[in-house]
Each structure stands twice: as structure tokens, then as C-alpha cells.
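A short write-up of the structure that comes next.
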Amino acid sequence: MANTYYAWSNINTGEVTINVGKEVSQADLDISDSEWDDMIAQGVVRESKYPEGVGATESPSGFLREKLLKAYEGELDDADLKELRTSGVFPELGVEEVPAEAAPAAPKASTAAKS
Amino acid sequence: MYDPSLLYIDPVLTNLSVGLPKDQNYYGIKIMPETPVRTQSGLYRVFDRSDWLLTEDRREPGTVAHEVVGAKWSTDNFQTHEHSLQVPVFDEERQQLTSQGGLADPVFGGALQLDPEADATAKVVRSLFLNQENKVSTLVRNTANYPAGNTVTLSGGTQWDNYTMSTPGVPLTTSSDPVGDILKGMRTVYSATLRWPNLLAIPTLGLSYIENHPRIVTRFQNFSLTIPNAFQILTGFQGQIVLLDSMYNATNNIDATPLAYTQFWGKDVWLGITDDVPGLNQLTFGKTFAQIYPDGTVRPTERWREEPRKADLIRTSYKYDLKIVAPSAGYLIKTAFSATAW
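If you're matching them up, the sequences are chains A and B in order. Each residue of the first sequence is one higher than the last, beginning at 730 in the numbering used here. Each residue of the second sequence is one higher than the last, beginning at 66 in the numbering used here.
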């Protein structure tokens with residue numbers, strides 16, 4: 730299944746205009762594989778959602794940095810920390826781990842041995 | 066009597082050698098000007114916008130006048146880190162260079178303009194600037210560092226090297242519009258700061274695409290490029306325009322082939338407000354906070370002797386922090402030119 734990407738910049742192809750924060754795909758933009766890969770490499774489109782609540786004159790990195798500071802001061806809950814980790818803006822925080830219940834079920838070797 | 070070929074040794078030319086230009090222009094320091102500071106870390110104030118608030122001022126007889134709410138501020142911080150490089154010049158280098166048979170010997174045409182000390186100093190300074198250019202360009206070209214309205218990515222027909230006209234022969238029907246894109250960026254910055262951008266940075270190799278763009282050619286059919294500031298008038302931008310051409314060798318191996326020259330600034334265009342001189346209540350896009358060393362400079366070069374190694378060490382240090390202090394004072398046009406433009 731293809732990954733979901735979000736625009737971290739307004740994108741204008743002449744035919745299509747995508748605003749910041751919108752979900753976007755290569756097909757939406759009708760661009761070549763290399764152009765799409767370049768957009769991913771340059772951070773124009775990212776797998777992480779554009780953060781909600783960013784002010785009109787504020788950058789998402791500044792907004793998330795403020796949150797990070799609050800995290801250090803113990804003012805953030807788990808949901809906020811998860812948003813920071815999945816944003817991709819602060820790789821030093823590490824990646825968000827896949828919850829155990831969402832992981833594919835492993836074969837039950839012990840059951841097979843019994844039968 | 067003798068074989069002529071034995072009577073001759075090819076000389077090394079002293080007025081010609083092949084290599085990259087040793088020095089480049091760096092633009093990071095223009096976009097994020099240096100602000101000398103006397104401390105390793107510190108704070109700067111960010112004032113609120115209370116100065117532009119509308120305050121009820123009507124006073125009825127016998128009542129007390131409304132009071133104006135005082136200004137507030139928050140603080141942001143900087144934290145400089147030292148960047149320092151050194152290079153040894155060994156005694157053997159000088160000895161060999163000036164020995165009989167050494168490249169400085171007149172037999173080989175003289176010193177070949179090799180100066181180990183001067184070259185070593187230039188190399189460490191150059192390497193520090195290259196790293197700084199890399200850091201600044203990475204910051205400036207990252208869309209996450211701009212408010213939502215301050216960045217646009219051009220693709221396909223809107224890129225400035227795409228001259229395709231939807232109605233053949235009618236220049237104003239191109240989807241790409243360099244002047245329109247730049248003016249939109251200027252309006253965006255102005256509306257957030259009440260100041261027009263004073264710096265426009267364009268990749269050098271994109272210049273010819275702009276000059277020959279059908280919309281621009283049409284707009285200025287009776288316009289001479291020889292008049293002063295022609296390019297500023299062509300683009301509609303009235304500030305300083307810098308042409309970006311700095312690059313680095315991405316192979317990270319001086320013997321690897323082919324060489325991979327990578328341009329720090331890619332195919333992006335940036336415009337915004339920069340202030341070289343620190344001041345109060347400034348709205349400048351970014352700063353390079355540089356701590357002053359005890360000798361009064363921000364990039365001192367030291368030289369000392371290491372006798373066990375029989376070498377003189379040359380070191381340059383630079384303690385700085387790069388900070389985007391007003392993101393709304395910048396506007397980024399990503400991939401203004403297509404991947405195939407150059």
C-alpha cells in the first residue's frame with residue numbers, strides 16, 4: 730500500500746495547486762517519478778502530517794520546537810510527544826514505534842508444536 | 066653525438082596549472098548576517114505586536130480614560146558552538162620544497178607559487194566557510210522553517226525554464242511567471258512585516274532562463290539590458306540581487322571520479338529581509354550569532370609549534386549559532402527551475 734504524503738509547502742504545477750497541509754500524491758500532481766522523489770527528498774511532501782495550530786507567521790519547526798521545550802519541562806502528554814516524534818522535524822527524538830497491537834501477528838510456534 | 070631526447074627534461078610550467086578556483090563566494094552570511102556576541106549563549110527579546118493594537122480611546126465626561134496595555138515580550142535563545150579546523154605544515158614539506166630537486170628549485174621553474182603556510186591558512190578558512198554555507202543553505206531551503214504562506218514549490222509548467230505557451234505565439238499564456246512569483250513573495254513578506262524584502266537570491270545558472278523568459282521579453286521589448294539595475298527592473302525586485310553559485314564536492318574523496326559537484330542552493334530562489342547591523346525591534350529573517358574571541362575577532366587563526374611532530378600547526382576557529390529569528394521575513398520558491406535546466 731502506498732504511503733500517504735502531506736504538503737509542507739504550497740505546490741503549484743500550473744494545472745493543480747495544493748495548499749500546505751493537504752494530503753497529496755504523485756498522481757495528484759501528475760509528475761514523473763524523479764520529480765516526486767525529489768519533492769520527498771527536499772521535504773516538500775512528507776509522510777508526517779503538517780502540525781495543527783501553527784500560527785500564520787510561525788514556522789512548523791518553530792512551533793514544534795516550542796512544544797519540545799514544553800516536553801522537557803514536563804508540560805506535554807504522551808499524545809503531544811508522539812506528534813513530535815512522527816513529525817520528522819526532530820530526528821534526535823527517534824521514530825515512533827509501531828504499537829504492538831498494530832503489528833502483524835506472529836505465527837504461534839508453541840501451538841504448532843502441540844498439535 | 067648525443068641522442069637529443071636525452072638532452073632534454075620537460076619543464077613544469079609555472080604560469081599554468083589545472084584545478085578548481087580555490088576561492089568561492091559564500092552567500093549564507095548574506096542571508097543570515099553575522100551578529101557578534103560576547104557570550105557563548107544568551108537570549109534576545111521578541112516583542113509582541115501590542116504597538117499595532119487598536120485601543121478604545123473615547124472618554125465620556127467624568128470617566129477615567131482607557132489605559133493602554135503595556136508591551137510584553139518573550140525571549141528566544143542562541144547557543145554558539147565552536148567549529149574549528151587545523152592543518153599541520155611539516156618541516157619536511159619546506160625542506161623538500163626548497164631542496165635541490167624540490168619544486169621550488171629554479172631548475173623546475175621556481176616555486177610554483179606553493180606557499181605551505183598561506184595555503185594551509187586559506188584551506189582551513191575555506192573549509193569552515195564551506196561548512197557554514199552548507200548549514201545555512203540547509204536551513205534556508207527547508208520548507209519547515211517557513212510559515213504556511215511563505216513557501217511555494219513550482220512544478221511542471223510553472224517552473225521558470227518552462228516556456229510552454231498554452232496559446233502558441235502568445236507569451237502571456239505561459240504558466241510560468243517569474244515576475245509574478247517574485248512579486249507574490251514580496252507581497253507576502255511585506256504584509257507580515259511592513260517592510261519590502263531587500264535581498265533576492267537566485268541560482269546563477271537560472272539567470273539566463275529568466276532573462277529570456279517570454280513574459281519578460283514581452284514585458285520589456287523596448288528595454289535595454291545595459292541600463293543600470295536592468296535585472297532589478299526586469300524582475301520587479303528593487304533590493305539587492307545575489308546570484309548563487311557556491312558548491313561542494315559531494316564525493317567526499319578527492320581521488321574519486323567522477324567528481325560530484327553539488328550546488329548548495331540547488332534550484333531554489335529565496336527572497337527576504339536581512340539586516341547586517343544588529344538593532345532593536347528588527348524583523349530580519351536570520352542571524353549568525355558569532356561569539357567574539359579574546360583577540361577581538363570572530364574567526365581567529367592561531368599558529369603554534371609542535372616539536373615532536375616537527376610541524377607548525379595552523380588553526381582557525383569560529384564559534385557560531387545559526388538562528389531563524391523571523392520566519393515570516395523570508396519567502397522560499399522551491400524548484401523554481403526544473404531538474405533538467407542544468
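Cβ atoms here follow ideal geometry from the backbone N, Cα and C, with glycine treated the same way.
is_contact[residue i, chain B] using C-beta, thresh 7 Å
{"i": "A/VAL749", "result": "yes"}
{"i": "A/LYS843", "result": "Any reading at A/LYS843 is ruled out, since the residue's pLDDT is 37, under 50, leaving its predicted position unreliable."}
{"i": "A/ALA834", "result": "Reliability fails at A/ALA834, whose pLDDT of 44 lies under 50, so the model's placement of it is uncertain and no value is given."}
{"i": "A/TRP765", "result": "no"}
{"i": "A/LEU797", "result": "no"}
Proximal residues of chain A, C-beta to C-beta of residue i below 9 Å
{"i": "B/PRO392", "result": "THR786, GLU787, SER788, SER790, GLY791"}
{"i": "B/VAL409", "result": "Nothing about residue 409 of chain B can be reported from this structure: the residues present for chain B run from 66 to 407 only."}
Residue i: contacting residues in chain A (beta-carbon distance under 8 Å)
{"i": "B/PRO212", "result": "VAL783, GLY784, ALA785, THR786, GLU787, SER788"}
{"i": "B/LYS399", "result": "SER738, GLN771, VAL773"}
{"i": "B/VAL217", "result": "SER738, ASN739, ILE740, ASN741"}
{"i": "B/ALA185", "result": "Result: empty, since nearest Cβ-Cβ is about 35 Å, beyond 8 Å."}
{"i": "B/ALA404", "result": "SER763, GLU764, ASP767"}
is_contact[residue i, chain A] using C-beta, thresh 7 Å
{"i": "B/THR223", "result": "yes"}
{"i": "B/VAL334", "result": "no"}
{"i": "B/SER240", "result": "yes"}
{"i": "B/THR339", "result": "no"}
{"i": "B/ALA209", "result": "yes"}
{"i": "B/ALA257", "result": "yes"}
{"i": "B/LEU118", "result": "no"}
{"i": "B/ASP68", "result": "no"}
Within chain B, partners of residue i - CB distance below 7 Å
{"i": "A/THR742", "result": "SER220, GLY221, GLY222, THR223"}
Interface partners of residue i on chain B, CB under 9 Å
{"i": "A/LEU758", "result": "SER220, GLY221"}
N- and C-terminal bounds of the beta strand (DSSP E) containing residue i
{"i": "B/THR100", "result": "99–102"}
{"i": "A/ILE760", "result": "Here A/ILE760 belongs to no beta strand (DSSP E), and DSSP marks it neither H nor E."}
{"i": "B/SER139", "result": "138–144"}
{"i": "B/GLY416", "result": "This structure does not reach residue 416 of chain B, given that chain B is present from 66 up to 407, and the question cannot be answered."}
{"i": "B/GLU367", "result": "366–371"}
{"i": "B/ALA14", "result": "Outside the shown range of chain B (66 to 407) lies residue 14 of chain B, about which nothing can therefore be said."}
{"i": "B/SER382", "result": "376–389"}
{"i": "B/SER106", "result": "106–112"}
{"i": "B/PRO268", "result": "264–268"}
{"i": "B/GLN328", "result": "326–328"}
{"i": "B/TRP335", "result": "334–337"}
{"i": "B/ILE292", "result": "Here B/ILE292 belongs to no beta strand (DSSP E), and DSSP marks it neither H nor E."}
{"i": "B/GLN305", "result": "305–309"}
{"i": "A/ALA785", "result": "Neither: A/ALA785 is in no beta strand (DSSP E) and is coded neither H nor E."}
{"i": "B/LEU348", "result": "Here B/LEU348 belongs to no beta strand (DSSP E), and DSSP marks it neither H nor E."}
{"i": "B/THR216", "result": "216–219"}
{"i": "B/MET66", "result": "Taken as a continuous stretch (DSSP letters only), B/MET66 belongs to no beta strand (DSSP E), as it is neither H nor E."}
Residue range of the alpha helix (DSSP H) that includes residue i
{"i": "B/THR203", "result": "181–205"}
{"i": "B/ASP276", "result": "A quick correction: the sequence has Glu, not Asp, at residue 276 of chain B. From DSSP, the alpha helix (DSSP H) with B/GLU276 extends over 272–276."}
{"i": "B/ARG280", "result": "279–284"}
{"i": "B/TYR73", "result": "Note, B/TYR73: premise wrong, no alpha helix (DSSP H); not H, not E."}
{"i": "B/ILE96", "result": "93–96"}
{"i": "B/ILE256", "result": "Per the sequence shown, the amino acid found at residue 256 of chain B is Ser instead of Ile. Here the alpha helix (DSSP H) through B/SER256 covers 243–258."}
{"i": "A/ILE801", "result": "It should be noted that the sequence gives Tyr, not Ile, for residue 801 of chain A. Counting along the chain, the alpha helix (DSSP H) containing A/TYR801 begins and ends at 789–801."}
{"i": "B/GLN160", "result": "156–163"}
Cβ-heavy atom distance, residue i to the ligand FMN, below 6 Å
{"i": "B/ASP360", "result": "For the ligand FMN, the structure offers nothing, since it holds no ligand at all."}
Are the region 210–219 of chain B and the region 788–798 of chain A touching, with three or more C-beta to C-beta distances below 8 Å? By the Cβ rule, the region 210–219 of chain B counts as touching the region 788–798 of chain A, because three or more pairs are nearer than 8 Å.
With three or more C-beta pairs closer than 8 Å as the rule, is the region 220–231 of chain B touching the region 267–278 of chain B? By the Cβ rule, the region 267–278 of chain B counts as touching the region 220–231 of chain B, because three or more pairs are nearer than 8 Å.
The region 90–103 of chain B contacting the region 194–210 of chain B, beta-carbon criterion three pairs below 8 Å: At 8 Å Cβ cutoff, the stretches touch.
Report yes or no: do three or more beta-carbon pairs, one from the region 392–405 of chain B and one from the region 251–269 of chain B, lie closer than 8 Å? Touching, yes, given that three or more Cβ pairs across the two stretches are closer than 8 Å.
Evaluate the contact criterion for the region 736–746 of chain A versus the region 770–782 of chain A: three or more CB pairs, one atom per stretch, below 8 Å. Yes, they touch.
Cβ contact (3+ pairs, closer than 8 Å) linking the region 346–364 of chain B and the region 299–315 of chain B: At 8 Å Cβ cutoff, the stretches do not touch.
On the three-pair Cβ rule with 8 Å, is the region 95–114 of chain B touching the region 137–148 of chain B? Segments in contact, yes.
Inspect the CB distances between the region 261–268 of chain B and the region 326–336 of chain B and report whether three or more fall short of 8 Å. Verdict: yes, contact present.
Counting pairs of beta carbons, one from the region 376–388 of chain B and one from the region 153–167 of chain B, are three or more of them closer than 8 Å? Put simply, the region 376–388 of chain B touches the region 153–167 of chain B. At least three CB pairs are less than 8 Å apart.
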